[in-house]
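First up is the structure itself, then whatever we jot down about it.
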Amino acid sequence: FLERKELYVWSAFFGMIIGSIYYISKDFNHWNRKTIPAGIFGLILGIAISFLNPATQNDNLVFIFFCGIISVSGMTLPGLSGSFILILLGNYVLLLVDSVNSLFDTFSEFLQGDFSFYQNEKRVKTLKILAVFTAGSTVGLVTLSHVLTYLLKHFKHITTAVIIGFITGSLGVVWPWKKTILKTTVDGSLQLDSNGNEIIVNYKRYLPEITSSETWWAFLFIAVGIFIFLGLDWYGKQRK
15 FLERKELYVW SAFFGMIIGS IYYISKDFNH WNRKTIPAGI FGLILGIAIS
65 FLNPATQNDN LVFIFFCGII SVSGMTLPGL SGSFILILLG NYVLLLVDSV
115 NSLFDTFSEF LQGDFSFYQN EKRVKTLKIL AVFTAGSTVG LVTLSHVLTY
165 LLKHFKHITT AVIIGFITGS LGVVWPWKKT ILKTTVDGSL QLDSNGNEII
215 VNYKRYLPEI TSSETWWAFL FIAVGIFIFL GLDWYGKQRK
């Protein structure tokens with residue numbers, strides 16, 4: 015379904031982000047000369063991240079650790095995709111495709127009683143990269159959660175304004191109407207990673223065609239996404 019109806023999946027995510035914006039901002043009545051600039055700053059930052067050009071792949075372990083710290087922000091900030099951040103940093107394929115596949119292959123060999131993976135230098139390297147990335151993600155998750163807690167405690171209104179602006183600006187990350195741009199070789203043929211998969215380098219966004227039935231189905235999925243988020247919030251309150 016994801017491959018055949020990618021537009022509808024992105025539309026549902028888009029709707030859920032809109033729902034999160036409504037949820038955060040509906041009770042926020044503290045717009046003033048301090049929070050308005052903060053909101054605008056967050057908005058510009060979110061838009062800027064949405065339209066950045068991806069970097070090239072880098073397997074330096076210090077940079078991998080940094081990727082882990084930064085990418086985990088997608089778990090703490092609604093509207094920001096950790097996968098999209100890794101695409102921007104140029105290490106999506108290395109960290110979420112090659113390294114994960116190496117881990118899966120290693121576990122499969124373990125189950126078969128084969129412990130020769132350590133003799134494969136490439137496998138050992140990708141496993142080391144995955145371990146450093148995991149460590150960075152753990153540090154990032156703990157650090158960001160503490161930073162957000164501190165900011166919300168001491169600068170609640172300004173921080174909330176930045177978050178509202180940032181999530182709104184980062185809607186471009188999950189904009190449903192976009193075409194995937196794949197990496198190609200000099201002769202124009204598709205370039206594949208070490209596992210034979212196509213390499214995503216960026217997305218080209220476009221405006222929806224109102225006369226298309228597919229567009230109206232996408233609008234429906236956006237509405238579904240909004241109601242899913244608000245419905246989960248309502249259910250959570252009822253449980254309390």
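Following the numbering used here, the numbering of the sequence shown begins with 15 at its first residue and continues without gaps.
C-beta: ideal position from N, C-alpha, C; glycine also.
Could you compute how far the alpha carbon of Val-188 sits from the alpha carbon of Lys-142? If you number the sequence shown from 1, residue 188 lands on position 174. If you number the sequence shown from 1, residue 142 lands on position 128. Using only the alpha carbons, I get a separation of about 31 Å.
Counting only the same chain and skipping the five closest in sequence on each side, list residues whose C-beta sits under 8 Å from that of Thr-198. Position 184 of the sequence shown, counted from the first residue, corresponds to residue 198. Spatial neighbours of Thr-198 in its own chain (CB-CB distance under 8 Å, excluding positions within 5 residues in sequence) are listed in chain order as Leu-204, Gln-205.
If you drop the 5 nearest sequence neighbours on each side, which residues of the same chain put their C-beta closer than 7 Å to that of Thr-225? Taking the first residue of the sequence shown as 1, we reach residue 225 at position 211. Closer than 7 Å at the Cβ level, and outside the excluded window around Thr-225, lies no residue.
Judging by CA-CA distance, which residue of Tyr-37, Gly-186, Asp-247 is the nearest neighbour of Ala-62? Numbered from 1 along the sequence shown, position 48 holds the residue referred to as residue 62. If we check each option's Cα against that of Ala-62, Gly-186 comes out closest.
Identify every residue that forms a DSSP beta bridge with Asn-216. Counting from one through the sequence shown, the residue named residue 216 turns up at place 202. Answer is Ile-195, bridged to Asn-216.
Specify the secondary structure class of Leu-66 as computed by DSSP and reduced to three states. As a first step, residue 66 is located in the sequence shown; it is residue number 52 there, counting from the start. Under the three-state reduction of DSSP output, Leu-66 falls in the coil class, being neither helix nor strand.
Is the separation between the beta-carbon of Ile-236 and that of Gly-29 shorter than 8 Å? For this step, residue 236 is matched to residue 222 along the sequence shown. For this step, residue 29 is matched to residue 15 along the sequence shown. Against a cut-off of 8 Å, the Cβ pair of Gly-29 and Ile-236 comes out as a contact.
Name the one or two DSSP bridge partners that Leu-206 has. What you label residue 206 is simply residue 192 of the sequence shown in a count that begins at 1. Note: Leu-206 is bridge-paired with Glu-212 in the DSSP secondary-structure output.
Rounded to whole angstroms, how far is the Cβ of Gly-53 from the Cβ of Gly-179, which I believe are closer than 8 Å? As a first step, residue 53 is located in the sequence shown; it is residue number 39 there, counting from the start. As a first step, residue 179 is located in the sequence shown; it is residue number 165 there, counting from the start. With a Cβ gap of about 4 Å, Gly-53 and Gly-179 count as contacting.
Our contact map puts Thr-194 next to Ile-214 with C-beta atoms below 8 Å; I'd like the distance itself, whole angstroms only. Sequence index remark: in the sequence shown, residue 194 carries index 180 (1-based). Sequence index remark: in the sequence shown, residue 214 carries index 200 (1-based). Between Thr-194 and Ile-214, the beta carbon gap of about 6 Å places them in contact (Cβ cut-off 8 Å).
Candidates Glu-228, Val-176, Asp-73: closest to Asn-46 by CA position: Translated into the one-based positions of the sequence shown, residue 46 becomes position 32. The option with the nearest alpha carbon to Asn-46 is Val-176.
Ile-143: beta carbon under 7 Å from a heavy atom of the ligand NAP? Because no ligand of any kind appears in the structure shown, any question about the ligand NAP cannot be addressed here.
Compare the Cα-Cα distances from Thr-285 to each of Lys-251, Glu-20, Ile-31, Ala-26 and report the closest residue. Given a span of 15 to 254 for the chain in the structure shown, any question on residue 285 remains unanswerable.
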